[in-house]
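Worksheet for the structure shown next.
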Amino acid sequence: MKIVVDFDLCESNAVCMNIAPEVFEVRDDDFLYVLNENPPEDMRPKMEEAVRRCPKQAIAIED
Amino acid sequence: MREEGFTGRVVLVGDEPHRPYDRPPLSKQVLAGAWSPDRIELPAVAADLDLEWRLGTRASGLDLGGRRVLLDGGAELAYDGLVIATGATPRLVPVPDGMAGIHVLRTLDDCLALRAELDATPGRVVVVGAGFIGAEVAATCRERGHEVTMIEALPAPLARVLGGEIGATFAELHRDHGVDVRLGVGVSEVHGGARVEQVHLDDGSVITADVVVIGVGVRPVTDWLEGSGLVLDDGVVCDETCLAAPGVVAAGDVARWPNPTFGGQVMRVEHWDNALDQGAHAARTLLAGEAGGTPYAPVPWFWSDQYDRKLQLAGRPGPGDEMRIVEGSLEERRFVGLFGRSGKVVAAFGMNRPAPIMRYRARIAGGLDWETAIAEADAAAT
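Chains as they are written, first to last, in this note's numbering: chain U, 1 to 63; chain F, 1001 to 1382.
See below:
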């Protein structure tokens, strides 16, 4: 799966980071960095939670 | 429910005519006119979940023993499992009956009505209440070019929850953007003819008002449950798994439950993130049936966007908590403040510091010692 973030929508609320810090990191520059665009399949539940809980609906999963 | 494998009927009853949507943009992008309403529909609506919709239908009662929900108009719905998520409704201040120009902001229809009046009226918007809704409405109206007066009964916005220091920063943020902020005063009367014309404050001031938005808080919608046998006390009272009665769970703004992460403190959380999280948890508790669900023990989290500032709160601060700014400064409008009670960090509030707030959120979940957190922050600052 591929994690795609719409950076026009992303406002760095960092909810995704709280769910999966291995994949999402909001750094001190206040920007979101996707550390791993192709996380392993066993991370799918966390990725789906990140998609759902993003306040800006900025994350999508592409299969 | 579907994700957990439930294949039975799922019927959603909602008093609004719309399919479910996100409320946070109603005080921001939709009100500003930047987004049209179709952008806020919940993704779950479009997904093919095989749901039955009863929109524009208000629940009027509950027969707990008979497992039936009574609907306005006399219809009844029998259930095996019930999720109560009727949310909250805006509190009002006394206003003359039928006077035009006075608004609350909870639903999409409220938002569109307010937006239409803002489009039609270049005049002054008076916002009653400087909580998060009032403050966001004030910011959005100001950015649309309206003159705005924001009235707050407390000495500083959100002072009861976040304390006077942080509260004062909010007032200054709005004043810097040209909002006329009145603190420590309440509305005594609203005057006008067919339309509102003036708002009178209890310090004697009179403010010209072309549009009034009342944002003084909400109360949980539980009238329909009176006499049902459920325990009601500023919300539907649940156990720590979100169970209100056998086969009945509650979630979101309407649910009051003991939160194990805060020592069993009974709380009701009015934030978007909790609605999502607690909804999912309540569904799992319902499906667990007699086996029982697991405790719902979140660290509540909240965000508010005002001008170019992002405010975030993780945890549950209370009156009398100690507060310490541990990063940044109030002057820079970029900071983190920690709240402590009984030796523990109970909340972290940040302005334009999203990452640290999220990290504190995770640590509060595990129990974060106040002295440890302060010592770490002091060390990092040197």
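We put the CB at the ideal spot given by N, CA and C, even for glycine. Every value quoted in this text rests on a predicted model; they were computed, and no experiment measured them.
### Query
Are the C-beta atoms of F/A1355 and some chain U residue less than 8 Å apart?
Yes, F/A1355 lies at the interface with chain U (some Cβ there is under 8 Å from its Cβ).
### Query
So, helix, strand or coil for F/V1206, using DSSP?
The three-state secondary structure of F/V1206, taken from DSSP, is strand.
### Query
With a CB to CB cut of under 6 Å and the five nearest residues on each side skipped, what residues in its chain are close to F/L1330?
T1169
### Query
Whose CA, out of F/V1148, F/G1193, F/E1189, F/G1192, lies closest to the CA of F/A1171?
Selected option, being the one with the closest Cα: F/V1148.
#### Entry: Beta-bridge pairing of F/S1304 - partner residues as DSSP gives them
F/L1311, per the DSSP bridge assignment.
### Task
Ignore the nearest five residues each way along the sequence and tell me which others in F/G1229's own chain have a CB closer than 6 Å to its CB.
L1064
### Query
Taking DSSP as the reference, what is the three-state secondary structure of U/K46?
helix
### Contacts that F/A1362 makes with chain U (C-beta to C-beta distance below 7 Å)
N18
### Message
At the 8 Å Cβ level, is F/M1358 part of the contact set with chain U, yes or no?
### Response
yes
### Message
With a threshold of 8 Å between beta-carbons, can U/A60 be considered close to chain F, or not?
### Response
When Cβ-Cβ separations below 8 Å define contact, U/A60 makes no contact with chain F.
### Query
Taking all protein chains shown into account, do 16 or more other C-beta atoms lie within 10 angstroms of the C-beta of F/A1379, making it buried, or fewer, making it exposed?
exposed
### Message
Measuring alpha carbon to alpha carbon, tell me which residue in F/A1365, F/L1338, F/A1362 is nearest F/A1163.
### Response
Reading off the sequence, residue 1163 of chain F comes out as Gly, not Ala. For F/G1163, the nearest C-alpha among the options comes from F/L1338.
### Message
Quick test of the definition: if touching needs 3 or more C-beta pairs under 8 Å, does the segment 1245–1255 of chain F touch the segment 29–37 of chain U?
### Response
no
### Message
Just to check my reading of the structure: F/R1058 and F/L1070 have Cβ atoms closer than 8 Å, yes? What is that Cβ distance to the nearest angstrom?
### Response
Rounded, the Cβ-Cβ distance is 10 Å, inconsistent with contact.
### Query
At what residue ranges does the segment 1004–1033 of chain F contain a whole run of the alpha helix (DSSP H), taking only runs of 4 or more?
1029–1032
#### Entry: Inter-stretch contact at 8 Å, needing at least 3 Cβ pairs: the segment 1109–1129 of chain F / the segment 1139–1154 of chain F
The answer is yes - the segment 1139–1154 of chain F touches the segment 1109–1129 of chain F, with three or more Cβ pairs under 8 Å.
### Task
Using the DSSP secondary-structure output, state which residues sit across from F/T1089 in a beta bridge.
Partner residues in the beta bridge of F/T1089, as assigned by DSSP, are F/R1219.
### Message
Three or more C-beta pairs under 8 Å: does that hold for the segment 1276–1284 of chain F against the segment 1108–1121 of chain F?
### Response
no
### Query
My guess is that F/P1317 and U/Q57 are in contact by the Cβ rule of under 8 Å, so how many angstroms apart are they, rounded?
In this structure, F/P1317 and U/Q57 do not form a Cβ contact; the two beta carbons are roughly 28 Å apart against a cut-off of 8 Å.
### Task
Answer with buried or exposed for F/A1194, where buried requires no fewer than 16 other C-beta atoms within 10 angstroms of its C-beta.
exposed
### Message
With a threshold of 8 Å between beta carbons, is F/L1276 in contact with chain U?
### Response
Contact of F/L1276 with chain U is assigned, a C-beta pair being separated by under 8 Å.
#### Entry: Reduced DSSP category for F/P1043 - H, G, I as helix; E, B as strand; rest coil
In the structure shown, F/P1043 falls within a helical segment according to DSSP collapsed to helix, strand and coil.
### Reference F/K1310; option with closest CA among F/E1016, F/A1135, F/G1340, F/D1080
F/A1135
### Per-residue contacts from F/P1043 into chain U (C-beta, under 9 Å)
V51, R52, Q57
### Query
What does U/V26 pair with, by DSSP beta-bridge criteria?
U/L32
### Task
List the endpoints of the continuous alpha helix (DSSP H) containing F/F1132.
1132–1143
### Query
For U/M1, which three-state DSSP category applies?
Of the three classes helix, strand and coil, the one that applies to U/M1 here is coil, per DSSP.
### Message
Under 8 Å, with one C-beta from each stretch per pair, do the segment 1186–1193 of chain F and the segment 1024–1038 of chain F reach the 3-pair mark?
### Response
Taking 8 Å as the limit for Cβ pairs, the verdict is that the segment 1024–1038 of chain F does not touch the segment 1186–1193 of chain F.
### Query
Since U/V26 meets chain F, which of its residues come closer than 9 Å, beta carbon to beta carbon?
P1354, A1355, M1358
### Query
What's the gap between the Cα of F/T1222 and the Cα of F/R1324?
38 Å
### Range of the contiguous beta strand (DSSP E) that encloses F/G1192
1187–1192
#### Entry: Minimum length 3: unbroken beta strand (DSSP E) runs contained in the segment 1230–1299 of chain F
1243–1245, 1248–1250, 1255–1259, 1265–1267
### Task
Kindly provide the ranges of any beta strand (DSSP E) runs that are 3 or more residues long and lie completely inside the segment 1059–1103 of chain F, ordered along the chain.
Whole beta strand (DSSP E) segments, 3+ residues: 1059–1063, 1068–1071, 1076–1078, 1082–1084, 1088–1090.
### Query
For a contact meaning CB atoms closer than 8 Å, what does F/K1310 contact in chain U?
E11, S12, N13
### Message
Distance cutoff 8 Å, beta carbons only. Does U/D42 sit that close to anything in chain F?
### Response
no
#### Entry: Sequence-distant residues of its chain with Cβ nearer than 6 Å to F/Y1360 (five each side left out)
A1314, A1348
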